[in-house]
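Notes for the one structure printed next.
2 protein chains.
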Amino acid sequence: MNRKVTSLDVAARAGVSQSAVSRVFSGASASQRTVDAVREAADHLGYRPNVVARSLITGRSKIIGLVVAYLDNAFYPDALERFSNELQAQGYHILIFMAHGTTSDIDRVVADLLDHQVDGIIAASVGLSDALTDRCRGLNIPVVLFNRGDADPSLPQVTSANFAGGQKVAKYLVQAGYQRIAHISGWSGSKTGQDRAEGFADGLVKAGSQLIAQVDGMYKREVAAAAAQDLVQTYAVDAIFVGNDHMAFAVLDHLRFEMGLSVPDDVAIVGYDDVPMAAWSAFDLTTVRQPSGRMVQATVYMLLALIEGEENLAPKHEIDGELIIRGSTRALEQEA
Amino acid sequence: MNRKVTSLDVAARAGVSQSAVSRVFSGASASQRTVDAVREAADHLGYRPNVVARSLITGRSKIIGLVVAYLDNAFYPDALERFSNELQAQGYHILIFMAHGTTSDIDRVVADLLDHQVDGIIAASVGLSDALTDRCRGLNIPVVLFNRGDADPSLPQVTSANFAGGQKVAKYLVQAGYQRIAHISGWSGSKTGQDRAEGFADGLVKAGSQLIAQVDGMYKREVAAAAAQDLVQTYAVDAIFVGNDHMAFAVLDHLRFEMGLSVPDDVAIVGYDDVPMAAWSAFDLTTVRQPSGRMVQATVYMLLALIEGEENLAPKHEIDGELIIRGSTRALEQEA
DNA sequence: CTGAAAGCGCTAACAT
DNA sequence: ATGTTAGCGCTTTCAG
């Protein structure tokens with residue numbers, strides 16, 4: 001059993017002091033002679049610095065905690081992959097936590113994260129309690145909300161322009177000639193869902209129409225599917241804006257295969273996110289694109305700046321997303 | 001700024017020694033009096049033990065490195081979620097690495113993991129170089145391959161019964177009356193893909209049929225879709241077994257919407273994995289279920305046992321998966 | 001530029 | 001059961 005090789009072993013073999021070894025591996029200045037000798041010895045012995053010891057003394061772990069709620073919504077695995085790449089490129093690693101639960105659940109998880117001395121936290125689509133937010137602030141550990149707004153605009157957060165996105169959908173549906181328009185919203189407890197819903201209602205009114213009905217889809221497939229059925233049967237809607245693609249796929253399936261309706265001929269469906277699947281022919285879903293690449297970049301940038309101690313940073317970052325028109329809605333009438 | 005609270009501060013306030021505090025938080029024995037005093041002081045000061053310091057001295061980080069390649073294949077986000085739950089329940093956390101790359105890429109990533117003193121590594125669907133495998137062994141860090149076999153059966157690995165799964169599909173397709181059967185395999189460089197392909201070919205022969213053609217789908221949607229088109233046009237196949245659901249969805253879409261064919265009337269499609277989407281009406285895919293819950297449990301169990309120093313453990317664990325018959329193939333003819 | 005020495009916050013003998 | 005002591009492997013003053 002290869003006992004663990006320490007910087008002391010390397011120092012002995014290279015004929016230098018242990019601190020010289022440390023300098024070489026932490027990029028501090030050293031003469032070429034020293035560097036060469038240390039490198040040779042390290043390679044020979046298979047030495048690699050122990051980052052745990054390093055973290056203990058520097059107080060930084062180079063680890064980012066990522067809390068994420070829904071991995072069954074394809075938007076998040078996609079974002080996770082981008083986060084991993086982006087952060088790895090900056091020398092950070094991701095400690096991951098799934099938190100599909102209550103606030104207290106999430107708090108426990110984040111407390112764990114804190115114990116691990118993470119340098120920063122990304123909360124993807126989950127809310128943190130005020131107590132926890134305070135604690136992070138007390139420990140000077142930055143938290144950035146990803147795809148999750150907060151009522152408190154001073155909390156660092158990155159979202160797409162949800163209100164504007166909702167408006168875009170409204171304007172388009174009205175222009176396309178739909179008359180009885182409903183909305184299956186994202187969970188009303190989430191700012192993101194609220195904003196989309198409010199933007200949609202606002203856009204409808206501004207376009208001279210109005211919302212026939214609105215139901216909370218809770219970000220759940222079954223809830224959304226049942227809501228869609230009700231909307232069609234009870235309100236005879238001809239278009240439904242669904243709060244995200246994840247639910248929209250369920251609605252599409254239910255309408256087509258359970259109810260035998262045609263989309264878009266009987267009912268038009270619009271989603272939100274433009275996850276890769278939305279472009280698949282089986283769905284061909286009209287949706288608002290959330291540019292996850294840019295959202296992730298903004299989040300990472302913001303988080304690292306905060307870690308570096310940046311003070312004057314606009315905490316709220318909204319990224320615009322365009323409406324992608326596909327076959328789940330009828331095409332816009334040609335301009336005269 | 002709340003300076004960091006250490007066990008020393010707690011000790012001072014509780015009127016006990018620092019080691020008493022340590023004992024209380026690491027679960028060693030202590031009198032009720034001490035425990036109470038320490039708890040009170042800790043709560044008051046907001047103390048939490050620093051796990052980095054603990055790791056440094058115990059030599060265990062309670063962190064598991066998870067290396068994963070394809071998050072766009074829904075099987076993996078699902079597994080990730082299960083891993084997270086399972087491991088969290090055991091007091092472990094997941095340091096995640098995305099490695100969609102070459103071997104050298106993966107090696108760099110795992111070297112990184114090793115630097116972080118992870119207690120164990122789960123390699124989901126990626127191969128590690130021999131050099132790295134050796135290094136892990138040298139450092140006594142267990143590695144378990146998840147959904148990824150290896151030519152070396154002494155490497156701990158958890159897979160479904162891929163060969164048997166391929167056989168099941170073959171037997172079923174022949175019994176259902178298909179005559180011209182082809183296979184779009186998973187990447188031939190992966191043991192998993194190979195085993196399914198070999199089992200399929202074997203099953204076909206045993207059922208008195210044979211493989212008309214086989215193409216490597218590389219686990220890529222586009223490759224699989226193009227292969228399917230070729231198979232239909234050049235070989236006039238009436239059934240295709242696709243190496244996993246991820247590719248099968250692409251094939252289904254391409255056949256139906258690009259080529260205007262009917263599945264299953266013109267061509268039958270079978271996948272492998274039974275990811276949640278396979279059950280959606282839009283796909284309704286016949287497939288072999290990989291019981292990801294049980295696979296994850298087996299992997300975690302094996303990994304933790306290895307970490308605890310367990311020696312006599314069967315390294316290879318295969319979990320049986322049943323064939324789920326849905327609408328992408330015609331139903332079996334009734335037994336006479 | 002380099003070595004010696006002092007810790008980072010904690011656990012683990014070892015005494016008491 | 002509890003306090004004392006000695007580190008875990010490294011970074012970081014501080015002299016030289």
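Line by line, the protein sequences are chains A and B. All residue numbers for the first sequence refer to this note's numbering, where the first residue is 1 and numbers rise by one. All residue numbers for the second sequence refer to this note's numbering, where the first residue is 1 and numbers rise by one. Cβ atoms here follow ideal geometry from the backbone N, Cα and C, with glycine treated the same way.
Any chain B beta carbon closer than 9 Å to residue 41/A: False, the Cβ-Cβ gap to chain B never drops below 9 Å.
Residues near residue 215/B in its chain [Cβ-Cβ closer than 6 Å; skip 5 each side]: Within the same chain, 184, 227 come within 6 Å of residue 215/B by CB-CB distance, once the 5 residues on both sides are set aside.
Within 9 Å, strictly: CB atoms of residue 342/A and residue 327/A: Outside the shown range of chain A (1 to 336) lies residue 342/A, about which nothing can therefore be said.
Limits of the unbroken alpha helix (DSSP H) element including residue 75/B: Counting along the chain, the alpha helix (DSSP H) containing residue 75/B begins and ends at 75–89.
Close Cβ partners of residue 129/A (< 6 Å) along its chain, the five nearest in sequence each way excluded: Excluding positions up to five away in sequence, the list reads 103, 107.
Beta bridge counterpart(s) of residue 98/A as assigned by DSSP: DSSP output for residue 98/A lists 68/A as bridge partner(s).
Residue environment, residue 132/B, which counts as buried when at least 16 other CB atoms sit within 10 Å: The residue is buried, with at least 16 neighbouring Cβ atoms inside 10 Å.
For residue 157/A, three-class secondary structure by DSSP: Residue state for residue 157/A is assigned as strand, using DSSP reduced to three classes.
Option in 175/A, 271/A, 190/A, 262/A with minimal Cα separation from residue 206/A: Comparing Cα positions, the closest option is 175/A.
Contact the segment 65–73 of chain B vs the segment 27–44 of chain B: 3+ CB pairs below 8 Å: With contact defined as three or more Cβ pairs closer than 8 Å, the segment 65–73 of chain B and the segment 27–44 of chain B are not in contact.
Residue 335/A versus residue 280/B: straight-line alpha-carbon distance, rounded: No answer about residue 335/A holds up, because its pLDDT of 48 lies below 50 and its placement is not dependable.
DSSP-derived helix/strand/coil call for residue 44/B: Looking at residue 44/B - three-state DSSP - the assignment turns out to be helix.
Stretch-stretch touch, CB-based, cutoff 8 Å, three pairs: the segment 190–200 of chain A with the segment 153–163 of chain A: They touch, by the three-pair rule.
Spatial distance of residue 25/B from residue 51/B (CA atoms): Distance between the alpha carbons of residue 25/B and residue 51/B is about 11 Å.
Boundaries (first-last residue) of the beta strand (DSSP E) holding residue 146/B: Segment 143–146, the beta strand (DSSP E) holding residue 146/B.
Residue 293/A versus residue 273/A - alpha carbon distance: Distance from the CA atom of residue 293/A to the CA atom of residue 273/A, rounded to whole angstroms, is 12 Å.
Residue 126/B in three-state terms, based on DSSP: Per DSSP, reduced to three states, the secondary structure at residue 126/B is coil, with no helix or strand assignment.
Beta-carbon proximity check, residue 197/A vs residue 166/A, cutoff 9 Å: Judged by beta-carbon spacing, residue 166/A lies within the 9 Å limit of residue 197/A, meaning their Cβ atoms are closer than that value.
Residue-chain proximity (residue 4/A, chain B), Cβ-Cβ < 9 Å: Answer yes: the Cβ-Cβ gap between residue 4/A and chain B drops below 9 Å somewhere.
Chain A contact for residue 85/B (CB, 9 Å cutoff): Chain A places a beta carbon closer than 9 Å to that of residue 85/B, counting this residue as a contact.
Chain A residues whose Cβ lies nearer than 9 Å to that of residue 313/B: When 9 Å is used as the limit between beta carbons, residue 313/B is near no residue of chain A, the shortest such separation being about 18 Å.
Cα-Cα separation, residue 296/A to residue 83/A: Each residue's alpha carbon lies about 6 Å from the other.
Residue-chain proximity (residue 98/B, chain A), Cβ-Cβ < 9 Å: Residue 98/B belongs to the set of residues whose beta carbon lies under 9 Å from a beta carbon in chain A.
Nearest residue (CA-CA) to residue 332/A, options 173/A, 101/A, 10/A: Nearest of 173/A, 101/A, 10/A to residue 332/A, Cα basis: 173/A.
is_contact[residue 121/B, chain A] using C-beta, thresh 9 Å: It does not: the Cβ of residue 121/B has no partner Cβ on chain A nearer than 9 Å.
Which residues DSSP lists as bridging residue 120/A, in chain order: In the DSSP output, where bridge partners are listed per residue, residue 120/A has 64/A.
Check whether residue 307/B and residue 268/B have beta carbons under 9 Å apart: Taking 9 Å as the cut-off, the beta carbon of residue 307/B is found no closer than this to the beta carbon of residue 268/B.
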